[in-house]
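In full-length UniProt numbering, the protein residues as written are 1 to 670. For every residue, glycine included, the Cβ atom is placed at its ideal position computed from N, Cα and C.
Structure, rendered in structure tokens:
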């Protein structure tokens, strides 16, 4: 039925206002005077020649252009708005409001059509990921109940269950994206927890589950700097001595930051790390080798070079920290004199042959430096390494665009539907700029020069932000591959762990370096990854960092809204909105007729599947038991198939099983 107070709109997915649709009292989102909240609700007083006159919450009259106002979702119960693509108005203000209201009520998951949006709460709720919750999602999400979002609230477990259900038909992959601090690692852990549990169900024991779940402490510890503090806190005195470890204050890398307390017990976390290493079947020798290499990493920060004056020659580097260097060489299992020679001298290929020349202290120091790789960032100083990382993010964004937007356009064309309403940000031209495929960078709208230092700096207009790069040292860094001598030295290391790491590393011939430099290697790696993802059915999870201070259940509007744009969430919602109209009413009705919003007889606004009202969604365990069971035999058969698929997925994910054939059945990317 139609709600009598609902205003008619020409198109369900209209983005801008039209004075024909405005009557006195219509609520609108307008720009707020309060910087803490970008939008505020106001009510229409009248339509003026220059726009809309509204009354704001302070009872003040303000005039806004039509383009500055957005519709409000009246009478919408945000807690029932499990899918943003199914709410009537999906403008920026309305979408942000729904996410915010749900988030403040501890609902961190919301669908946006095919996406799962995760608002990082910066606080773990164990009940949300309990075994009982896993049981809910694996028990009642059988193939015939799809769309899987119908019966249960949005969750990472729902995405994982859908992957398992589809696994027999095609390889599955899950792309989890978001900026630093958005919660990607935690989200990945929750997906793996569900997959591990389903895998153990099918195997009949907990071997697979334990192997996968015990990898989580490793992911957490080695995915950041935590492992160093855990190791120094958790090892006993004898083992510290064996690994040549010292106190944190004696390491250059660990005394740079302020003494900020971090939640957790490092000693207890280290115990979990060691248990995890054994769970994935690392031997004692391998575990010892890992800790020796970690100790070596810490010591690299202590290595210093001084300047040695040689008459008639440029300054040359000599070792200033002999004891630390001897310890480092021992931990790496290589000859100290040979390693020192490779770090302080450089070989160059000349027409007359290979020439060896000494390096100065600054150059030698660059040979023992550590690179801390971020996600997509716009740092104060962006060099070659950040350029490559941002390039990888653009390529993953393009994979997303092709899977969601371009695939939908192809579907529209096949069905003879006008696809001009599909608007999205295609980053192919950005990638072309970074790949140097453009017909001259100067003419590209995605490339520009800064006002200062234009000779060595340039700006790429990325999908997420404009990033200024300093091209100084780009060429040197691109050519900064491991020398053949250093590769051979590490291949022959007495450390079994280090030598095994370098076993497959190619020894480069300086006379034939075409396609062997860093950029070419990186491009090949990204291409291989995308080829793997393209062969799979993709699922996307978008993680949002809710505030810059990482405070629990606090929202910074500007931070969230910027991510909604950069992650293409708003574009996807608009796309799904258009799809809903076409499937619900038919393309001809959409293009020719006026549409009113279907609502419940109670006067509330429908926000779920139009054929499955939101107040009928099953949301509690007691209600799940009311599901129709007339097709019980069919369900049991489907469940058995799903369990078999889960077993394959579990085996693929568990390194302990060592089953290379099974590993082809599931690829997971985060």
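ask   = According to DSSP, what are the bridge partners of residue 672?
value = Since the first residue shown for the chain is 1 and the last is 670, residue 672 is missing from the structure and cannot be characterised.
inquiry  = Please give the ranges of any alpha helix (DSSP H) in the stretch 462-537, keeping only runs that are unbroken, at least 4 residues long and fully inside the region.
reply    = The stretch 462-537 contains these whole alpha helix (DSSP H) runs: 474-478, 484-491, 496-501, 518-534.
task = Please confirm whether residue 421 and residue 122 have their CB atoms less than 9 Å apart.
result = Against the chain shown, residue 421 aligns to sequence position 421. Against the chain shown, residue 122 aligns to sequence position 122. In this structure, residue 421 sits away from residue 122, with a CB-CB distance that is not shorter than 9 Å.
query = Of all the options 24, 64, 25, 46, which has the alpha carbon lying nearest to the alpha carbon of residue 33?
reply = The residue you call residue 33 lines up with position 33 of the chain shown. For the residues 24, 64, 25, 46, the minimum Cα distance to residue 33 belongs to 64.
task = Note the first and the last residue of the continuous beta strand (DSSP E) segment covering residue 354.
result = Taking the first residue of the chain shown as position 1, residue 354 is located at position 354. It spans 353-358 - the beta strand (DSSP E) in which residue 354 sits, taken as one unbroken run.
query = Which residue comes first and which comes last in the alpha helix (DSSP H) that contains residue 333?
reply = Reading the chain shown from its first residue, position 333 is the one you call residue 333. No alpha helix (DSSP H) holds residue 333; DSSP gives it neither H nor E.
Residue 214 (DSSP reduced to helix, strand or coil) = Sequence index remark: in the chain shown, residue 214 carries index 214 (1-based). Residue 214 falls in the coil class under three-state DSSP.
query = Is residue 476 near residue 434, with beta carbons less than 9 Å apart?
reply = As a working mapping, residue 476 is identified with position 476 in the chain shown. As a working mapping, residue 434 is identified with position 434 in the chain shown. It is not a contact, given that the beta carbons lie outside the stated cut-off.
ask   = Is residue 558 helix, strand or coil by DSSP?
value = Against the chain shown, residue 558 aligns to sequence position 558. Residue 558 falls in the helix class under three-state DSSP.
key: Cβ-based neighbour list, residue 360, same chain, cut-off 8 Å, excluding 5 preceding and 5 following   = Start at 1 with the first residue of the chain shown, and residue 360 comes out as number 360. 307, 314, 315, 316, 317.
key: Cα-Cα separation between residue 431 and residue 566, rounded to whole angstroms   = By 1-based counting over the chain shown, the position of residue 431 is 431. By 1-based counting over the chain shown, the position of residue 566 is 566. If you draw a straight line from the Cα of residue 431 to the Cα of residue 566, it comes to about 16 Å.
request  = Can you give me the start and stop residues for the beta strand (DSSP E) that residue 67 sits inside?
outcome  = Taking the first residue of the chain shown as 1, we reach residue 67 at position 67. No beta strand (DSSP E) holds residue 67; DSSP gives it neither H nor E.
ask   = So what's residue 423 in DSSP terms, helix, strand or just coil?
value = Taking the first residue of the chain shown as 1, we reach residue 423 at position 423. Reduced to three states, the DSSP call for residue 423 is coil.
task = Identify which residue in 331, 327, 471, 75 has its Cα closest to the Cα of residue 387.
result = Indexing the chain shown from 1 puts residue 387 at position 387. Measuring from the Cα of residue 387, the nearest candidate turns out to be 471.
query = Once you ignore the five residues that flank residue 540 on each side, which residues in its own chain have a CB closer than 7 Å to its CB?
reply = Residue numbering aside, residue 540 sits at position 540 when the chain shown is read from its first letter. Excluding residues within five positions, the ones whose Cβ falls inside 7 Å are 114, 115, 175, 400.
query = DSSP on residue 224, reduced to helix/strand/coil?
reply = Here the question's residue 224 lines up with position 224 in the chain shown. The three-state reading of DSSP puts residue 224 in coil, since its state is none of H, G, I, E or B.
ask   = In angstroms, rounded to a whole number, what distance separates the CA positions of residue 560 and residue 458?
value = Here residue 560 refers to the residue found at position 560 of the chain shown. Here residue 458 refers to the residue found at position 458 of the chain shown. The alpha-carbon atoms of residue 560 and residue 458 are separated by roughly 28 Å.
Exposure label - residue 78; buried when at least 16 CB within 10 Å = Reading the chain shown from its first residue, position 78 is the one you call residue 78. That one is buried.
message = Under 8 Å: do the stretch 501-513 and the stretch 478-493 share three or more Cβ pairs, one atom per stretch?
response = A contact exists between the stretch 501-513 and the stretch 478-493.
key: Alpha-carbon to alpha-carbon, residue 236 and residue 330   = For the purposes of this step, residue 330 is taken as the residue at position 330 of the chain shown. For the purposes of this step, residue 236 is taken as the residue at position 236 of the chain shown. Their Cα atoms are separated by approximately 21 Å.
key: residue 489 versus residue 334: straight-line alpha-carbon distance, rounded   = Stepping through the chain shown from its first residue, residue 489 is reached at position 489. Stepping through the chain shown from its first residue, residue 334 is reached at position 334. Roughly 7 Å separates the two Cα atoms.
inquiry  = For the pair the stretch 162-170 and the stretch 100-113, tell me if three or more CB-CB distances fall below 8 Å.
reply    = Touching, no.
message = For the pair the stretch 221-239 and the stretch 189-197, tell me if three or more CB-CB distances fall below 8 Å.
response = No contact exists between the stretch 221-239 and the stretch 189-197.
ask   = Secondary structure at residue 418, three-state DSSP: helix, strand or coil?
value = Here residue 418 refers to the residue found at position 418 when the chain shown is read from its first residue. The answer is coil: DSSP assigns residue 418 none of H, G, I, E or B.
query = How many Å lie between residue 356 and residue 347 at the Cα?
reply = Looking up residue 356 in the chain shown gives position 356. Looking up residue 347 in the chain shown gives position 347. A straight-line Cα-Cα distance of about 4 Å links residue 356 and residue 347.
Buried versus exposed, by CB contacts within 10 Å (16 or more), residue 322 = Position 322 of the chain shown, counting from 1, holds the residue named residue 322. Exposed is the call here.
ask   = Taking C-beta to C-beta, are residue 91 and residue 29 nearer than 9 Å?
value = Translated into the one-based positions of the chain shown, residue 91 becomes position 91. Translated into the one-based positions of the chain shown, residue 29 becomes position 29. Yes. Within cutoff.
query = Anyone know if the C-beta pair for residue 27 and residue 72 falls short of 9 Å?
reply = Taking the chain shown and counting its residues from 1, one reaches residue 27 at position 27. Taking the chain shown and counting its residues from 1, one reaches residue 72 at position 72. Residue 27 is a Cβ neighbour of residue 72, given a cutoff of 9 Å.
request  = List the endpoints of the continuous alpha helix (DSSP H) containing residue 92.
outcome  = Walking along the chain shown from the start, residue 92 turns up at place 92. Taken as a continuous stretch (DSSP letters only), the alpha helix (DSSP H) holding residue 92 covers 92-104.
query = Among 443, 241, 31, 556, which has the Cα closest to the Cα of residue 93?
reply = Taking the first residue of the chain shown as position 1, residue 93 is located at position 93. For the residues 443, 241, 31, 556, the minimum Cα distance to residue 93 belongs to 31.
Beta-carbon proximity list for residue 484, same chain, < 6 Å, skipping 5 on both sides = Residue mapping note: residue 484 aligns to position 484 of the chain shown, counting from 1. Apart from sequence neighbours up to five positions away, the residues of its chain that approach residue 484 with a beta-carbon distance below 6 Å are 507, 508, ordered along the chain.
inquiry  = Do residue 405 and residue 238 count as a contact pair if the criterion is CB distance below 9 Å?
reply    = Stepping through the chain shown from its first residue, residue 238 is reached at position 238. Stepping through the chain shown from its first residue, residue 405 is reached at position 405. Their beta carbons are not under 9 Å apart, which means residue 238 does not touch residue 405 by this criterion.
query = How about residue 454: is its C-beta nearer than 9 Å to some C-beta of chain C?
reply = Among the chains in the structure shown there is no chain C, since it carries only a single protein chain.
Exposure label - residue 436; buried when at least 16 CB within 10 Å = As a first step, residue 436 must be located in the chain shown, where it is residue number 436. Its Cβ having fewer than 16 others within 10 Å, residue 436 is exposed.
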